[in-house]
Amino acid sequence: MHRGSRRHILNWVECAEFAAELTGLLEPTGGIVSVSDRWMPRGNSDDAEARLERNGEDLLPDSMDWAELRRWWLVHNGRANTPNWDLAASCCIRGTRGLVLVEAKAHVEELSDEGKRERASWRSRENHKRIGEAIAEASKELSALVPGVNISRDSHYQLANRIAFSWKLASIGLETILLYLGFTGDSELGTELRDAQHWNTVFREHVTGLLPADLLEREVNCGPAAFSILVRARPAL
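Count along the sequence shown from 1, then add 1; that gives the number in the working numbering.
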């Protein structure tokens with residue numbers, strides 16, 4: 002049985018109002034999710050999370066070379082993964098096809114400041130090195146656009162890989178919205194997020210020293226396309 006933010010995501014995507022509600026959370030980016038768009042997961046009976054190098058073509062057919070993401074992130078395939086997304090959905094952003102990526106939380110403790118752990122095998126070590134290089138590249142390029150970005154593999158990895166992937170997608174031409182979604186009112190597993198203001202405060206404290214305040218709630222033009230980072234909340238289901 003799923004619990005916490007995972008459960009709330011699965012229940013939410015099953016609602017008839019899901020597409021309209023997600024669209025409302027994307028203001029003022031102009032992002033629109035319609036019932037004809039595609040998203041993962043689809044609900045409790047179809048609960049697979051999206052990995053973009055594997056599922057990107059299902060979400061946005063013929064939009065880009067999704068395997069490029071794996072090549073950028075990993076040296077070796079095998080059992081190594083790119084990030085799994087709590088929710089990924091196709092959308093339209095000011096008339097252009099794009100992607101919404103959602104990182105969901107329901108408790109303060111779900112925000113981790115741990116770095117990525119290195120495993121023993123030589124393949125894992127080489128992937129570990131490559132992931133560090135990919136995040137460093139994203140950090141450098143983003144900091145040139147918005148001074149103060151300081152993400153790395155070795156601290157707040159959960160945050161760093163989300164930011165890095167969103168930048169990469171925009172840098173290769175895909176309009177992207179990264180949505181940090183807090184489900185409020187769930188005290189079952191930890192310290193609940195009381196309301197939207199509490200979630201916003203908790204998140205901003207979490208990213209202090211890693212992301213400048215003015216990177217949030219704005220569009221960052223990465224050349225071929227842009228991405229935005231939004232912080233939103235909705236009641237837990």
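Glycine included, each C-beta is placed from N, C-alpha and C at the ideal position.
Bear in mind that the values here come from a model prediction, so they are computed numbers and not experimental data.
Burial state of residue i, where buried means 16 or more other Cβ atoms lie within 10 Å
{"i": "residue 128", "result": "buried"}
{"i": "residue 123", "result": "exposed"}
{"i": "residue 92", "result": "buried"}
{"i": "residue 5", "result": "buried"}
{"i": "residue 41", "result": "buried"}
{"i": "residue 1", "result": "Residue 1 lies beyond the residue range present for the chain, which begins at 2 and ends at 238; the question has no answer from this structure."}
{"i": "residue 78", "result": "exposed"}
{"i": "residue 209", "result": "exposed"}
{"i": "residue 187", "result": "buried"}
{"i": "residue 30", "result": "buried"}
{"i": "residue 18", "result": "exposed"}
{"i": "residue 121", "result": "exposed"}
Assumed close pair residue i, residue j - CB separation to whole angstroms, cut-off 8 Å
{"i": "residue 154", "j": "residue 173", "result": "Not a contact, Cβ separation roughly 21 Å."}
{"i": "residue 23", "j": "residue 34", "result": "5 Å"}
{"i": "residue 147", "j": "residue 221", "result": "6 Å"}
{"i": "residue 151", "j": "residue 84", "result": "Rounded, the Cβ-Cβ distance is 19 Å, inconsistent with contact."}
{"i": "residue 194", "j": "residue 9", "result": "About 11 Å separates the two Cβ atoms, so there is no contact after all."}
{"i": "residue 214", "j": "residue 205", "result": "7 Å"}
{"i": "residue 65", "j": "residue 212", "result": "Contact flag wrong, Cβ pair sits at about 26 Å."}
{"i": "residue 39", "j": "residue 60", "result": "5 Å"}
Close-in-space but distant-in-sequence residues of the same chain around residue i (CB under 8 Å, 5 per side omitted)
{"i": "residue 26", "result": "180, 182, 231, 233, 235"}
{"i": "residue 45", "result": "3, 11, 12, 15"}
{"i": "residue 82", "result": "52"}
{"i": "residue 119", "result": "125, 126, 129"}
Residue j beta carbon less than 8 Å from that of residue i
{"i": "residue 203", "j": "residue 101", "result": "no"}
{"i": "residue 20", "j": "residue 51", "result": "no"}
{"i": "residue 87", "j": "residue 157", "result": "no"}
{"i": "residue 178", "j": "residue 99", "result": "yes"}
{"i": "residue 58", "j": "residue 71", "result": "no"}
{"i": "residue 223", "j": "residue 171", "result": "yes"}
{"i": "residue 191", "j": "residue 94", "result": "no"}
Minimum C-alpha distance to residue i - residue among the options
{"i": "residue 226", "options": "2, 46, 169, 162", "result": "169"}
{"i": "residue 216", "options": "140, 57, 53", "result": "140"}
{"i": "residue 142", "options": "131, 166, 160, 62", "result": "166"}
{"i": "residue 228", "options": "111, 97, 56", "result": "97"}
{"i": "residue 117", "options": "69, 94, 103, 134", "result": "134"}
{"i": "residue 105", "options": "171, 43, 200, 61", "result": "200"}
{"i": "residue 73", "options": "160, 111, 131", "result": "131"}
{"i": "residue 160", "options": "60, 207, 43", "result": "207"}
{"i": "residue 49", "options": "69, 67, 7, 68", "result": "7"}
{"i": "residue 189", "options": "47, 28, 111", "result": "111"}
{"i": "residue 80", "options": "28, 125, 138", "result": "125"}
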